[in-house]
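Have a look at the structure below, then the notes.
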Amino acid sequence: MPQVNRITILLLLSLLFAGCSSSWKMTGAKYKKPSYYFEPPPRWMISRDGPTALLSKHGPSLEKILILRQRTTDTLNHTKLKLYPEMLPHELGEVLLSRVIAAPQVTDVLLLKEEVTNVDYRQAVKLTVSYRINAIEFNEIIYAFIDRVFLYELRYCAVKRYYYEENLNTFETLVKGFKLR
Amino acid sequence: MHNSIFHSFFILLCCYALLKGDDMAETVHRESIIAQSSEFENELEKSGLILKNESLNAYLNGVLNKIAESNQFTVKVIQSPAINALTMANGTIFICTGLLARIGNEAQLAALLGHELVHIIRDHSVQNLVNTKKLALSSANKQIGFEIFFGSLATSVVNYNLQSAISGYSRDLEREADSLGLKKMRKAGYARIEFRNLFLILKKTIELENIKQPYFFSTHPAITERINNYYHLAGKNTIQSARGLVNSESYSKIIQSILQSDGNRLIASGQLDYAEANFSRILDSDSGNALACVQLGNIARLRSAPEVNKDAFKWYYRAKDYENSEDALRELGFYYFKSGNTDSATYYLKAYQTQYPLSPYKPVVEDYLKKCLR
Chain A
1 MPQVNRITIL LLLSLLFAGC SSSWKMTGAK YKKPSYYFEP PPRWMISRDG PTALLSKHGP
61 SLEKILILRQ RTTDTLNHTK LKLYPEMLPH ELGEVLLSRV IAAPQVTDVL LLKEEVTNVD
121 YRQAVKLTVS YRINAIEFNE IIYAFIDRVF LYELRYCAVK RYYYEENLNT FETLVKGFKL
181 R
Chain B
1001 MHNSIFHSFF ILLCCYALLK GDDMAETVHR ESIIAQSSEF ENELEKSGLI LKNESLNAYL
1061 NGVLNKIAES NQFTVKVIQS PAINALTMAN GTIFICTGLL ARIGNEAQLA ALLGHELVHI
1121 IRDHSVQNLV NTKKLALSSA NKQIGFEIFF GSLATSVVNY NLQSAISGYS RDLEREADSL
1181 GLKKMRKAGY ARIEFRNLFL ILKKTIELEN IKQPYFFSTH PAITERINNY YHLAGKNTIQ
1241 SARGLVNSES YSKIIQSILQ SDGNRLIASG QLDYAEANFS RILDSDSGNA LACVQLGNIA
1301 RLRSAPEVNK DAFKWYYRAK DYENSEDALR ELGFYYFKSG NTDSATYYLK AYQTQYPLSP
1361 YKPVVEDYLK KCLR
């Protein structure tokens, strides 16, 4: 019985320490994944989960860069609207803006600019939006394009005051260096 | 980080409640519940979720004062698609925009407010805590705003989905609220049948959206039982019950901005049938509403995507001659661009570009125009 107790305590402790360990890593090396490549900004923290990369300098609640890849057939968060491979840029922009509008904690969504642009020589849409979460103002830029059956998104979201402007160029540099493999 | 602290705090609170549940429930004072309600209200105000629409607020409070025969109670609107209403022990009733958009007329609004008002007047929050002392404290906490500690305010409001509108209190308290609410509604001159109709709307919503009826308490009457209770209270003579004020048109006009914002959000979330109902209601009271026409066109287009939809074109075409036809011109341009008709696309996109030079869509329109001219 004491043996069982010791094992239980060890298991609980290992679970506790596993929970405390962070998935965040300091950037410094080029980030390689089978599907895409980008150069993380120096001194930013990065967290990876499958095809998703989350980067932040001061903490994700202040500013974050998200790089996402998902199948066009997969369901988007907060909306039942569908993606399809031959979408025009404004149609893709409409669906991605809808996802922001439909997010439950988001209010006062305003589209500031919608542009047709290129990411890694592929036609993409670029949305600039502002919104509030619990009365705090945020700005977000979303670059998105569909390559074959995958939607790629490069998103930069930051508190409007101070943080948004401070890291804007960093994000744009990251987008310029983004490549599909 | 805050969430973890609150979660830990709540787990400790639950453990304590399980051990000391009886004592705790009985020692919760009315003043404490009112203080917590006011705190919750302040948090909601700070969150920016409370709708600032003076004419709508004046109208809603006018109906409430008429039912209450007093002006000591307040009704406020939460910007949330949830089909929900919350009653606070401090005398404030919150209605979500999603529920306001589903309500069909002023009499149904009066039915809802009358019902919620009884919960305040009869101190149901306090009674609930005392009556439910043997039930889990977590259920009781939902009545007094503890949900605020989990996730964002908006999430907690959404999580309340349908709860307090139809199942916020125990069976006996809900019956009392139905019975007295119906009397108040009748005294104010409204058609009693709309009380039943309100529940029929909620029932239809539950069925269409496949929502599992949420109950705080296993003893709570299901919505069908509430409808049957109505017949028990008001009788089955529907002709007699239909006598009285209904005010459908004035209600639809006053909630037009709600129908619009709720409809926009429904389109964004892909709930196209409900969005269609909202914009059709706007057109019923304002046939020249360009925005409603464009949104009905968008609904048709999104339903048939990726195929081009002729019904969508008809709506856009109809909207282009009305006031505020900005979106109609742009959508017509996009429609023709997608169809490969570059001449017509150029015509409408140029018209849009000229008339609305500061539009956020200007860069996309310019890009498409370049492609049309190639």
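Residue numbers (the working numbering), protein chains in the order written: chain A, 1 to 181; chain B, 1001 to 1374.
The beta carbon of each residue, even a glycine, is placed where N, CA and C say it ideally should be.
The contact set of A:S56 on chain B, defined by CB atoms closer than 8 Å, is empty, because the minimum CB distance reaches about 15 Å. Separation of the CB atoms of B:S1339 and B:V1308 is rounded to 5 Å, and the pair is thereby assigned contact status at 8 Å.
Under the three-state reduction of DSSP output, B:I1083 falls in the coil class, being neither helix nor strand.
The beta carbon of B:D1262 is closer than 7 Å to those of P1081, T1097, G1098, A1101, N1278 in its chain, skipping five residues each way along the sequence. Taking a contact to require three or more Cβ pairs closer than 8 Å, the region 1227-1240 of chain B and the region 1030-1037 of chain B do not qualify as touching.
The beta carbons of A:R99 and A:N77 sit about 6 Å from each other, so the pair counts as a contact at 8 Å.
By the C-beta criterion, the region 1328-1335 of chain B is judged to be in contact with the region 1350-1357 of chain B, since at least 3 inter-stretch pairs fall below 8 Å.
A Cβ of chain A is located within less than 9 Å of the beta carbon of B:K1338. For the 9 Å CB-CB criterion, B:G1048 and A:R132 form a contact.
Along the region 1084-1098 of chain B, none of the residues has a CB nearer than 9 Å to a CB of chain A. A:N169 has its alpha-carbon roughly 14 Å from the corresponding atom of A:K57. The criterion of a C-beta distance shorter than 9 Å is satisfied by B:R1122 and B:A1177.
Think of a sphere of 7 Å around the beta carbon of B:G1263: no beta carbon from chain A falls inside it, the nearest being about 12 Å out.
Among the CB atoms of chain B, none fall inside 9 Å of the CB of A:P60. Out of B:T1087, B:D1172, B:A1305, B:Q1036, the CA that lies nearest to the CA of A:L88 is found in B:A1305.
For B:R1226, the enclosing alpha helix (DSSP H) covers residues 1223-1234. The DSSP-derived three-state label of A:D49 is strand. Excluding residues up to 5 positions away in sequence, A1107, Q1108, A1111 lie with their Cβ nearer than 6 Å to the Cβ of B:E1194 in the same chain.
A:I136 counts as exposed, since fewer than 16 other C-beta atoms from the protein chains shown sit within 10 angstroms of its C-beta.
Rounded to the nearest angstrom, the gap between the Cα atoms of A:P42 and A:E114 is 29 Å.
At a Cβ-Cβ threshold of 9 Å, B:I1282 and B:N1289 count as neighbours. For A:L112, the enclosing beta strand (DSSP E) has its first and last residue at 106-119.
DSSP, reduced to helix, strand and coil, places A:R132 within a strand of the structure shown. In the three-state reduction of the DSSP assignment, B:T1354 falls in the helix class.
A residue is called buried when at least 16 other Cβ atoms come within 10 angstroms of its Cβ; A:T75 does not meet this threshold and is exposed.
With contacts defined by Cβ atoms closer than 9 Å, A:L151 and A:V129 do not form a contacting pair.
A:E63 places its beta carbon less than 9 Å from that of A:Y163. With contact defined as three or more Cβ pairs closer than 8 Å, the region 1055-1072 of chain B and the region 1171-1188 of chain B are in contact.
The Cβ-Cβ distance between B:C1293 and B:A1268 does not fall below 9 Å.
One finds nothing in chain B with a Cβ atom closer than 9 Å to the Cβ of A:Y121; even the nearest lies about 16 Å away.
Per DSSP, A:Y37 lies in no alpha helix (DSSP H) segment; the continuous beta strand (DSSP E) that holds it begins and ends at 36-38. For A:A158, the enclosing beta strand (DSSP E) starts and ends at 150-159.
Nearest to A:P51 by C-alpha distance, out of A:Y36, A:R122, A:R155, A:K126, is A:Y36.
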